[in-house]
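Shown next as structure tokens:
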């Protein structure tokens, strides 16, 4: 990661510096597990990098990063339960990149854009967590809350504004507003205490 040029308008640091800033942005109260996830969250980027329109994109880097972290953490002697938690955070830290605020204008026919709402978040969490029966249902809120802390820290380590020509097409402030909206949606959800996971209530 050291001196690896991300060559992407969303990033203002090389990969290693971005990673260090992400870890730092978690603050002093973050768990060691979340800090480890932050350190490894983008380690797979160089392995999946492709060039498009004079910039580098990293499709699938979260899965690759989790794969690499899993191998390294096993070698370092971490318990499987801790590895599963760390790799969950790594694998899903970019889940909400294509989600949009309800107040935004967007192409509703685009299947890759998802409006932030409690029902949509519920659906995503239920679908995701049914692959993670290793976690207790009563820790889902904390698990996803911590994931959003990682998303926030990651965002804070990115470019302030993203331009296309002279037009601002995204910004750090906008991304943080999306995370805040997802956190509010998460606070409104409850889940049943069994797998396959079920949704037990609304807002």
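In my numbering, the protein residues as written are 121 to 323. Glycine included, every Cβ here is placed at the ideal spot set by N, Cα and C.
With at least 16 other beta carbons inside 10 angstroms of its own, residue 271 counts as buried. Sequence-distant Cβ neighbours of residue 213 in its own chain, meaning closer than 8 Å and more than five residues away, are 157, 161, 182, 267, 270, 271 and 274.
Of the other Cβ atoms in all chains shown, fewer than 16 fall within 10 Å of the Cβ of residue 192; this residue is therefore exposed. Here residue 178 carries a coil assignment [DSSP, helix/strand/coil].
Collapsing the DSSP output to three states places residue 291 in a strand. In this structure, DSSP gives residue 248 a helical state, which the three-state scheme calls helix. Using a C-beta cut-off of 8 Å, the stretch 125 to 133 makes contact with the stretch 168 to 179, since at least three inter-stretch Cβ pairs fall below that distance.
The beta carbons of residue 292 and residue 304 sit no closer together than 8 Å.
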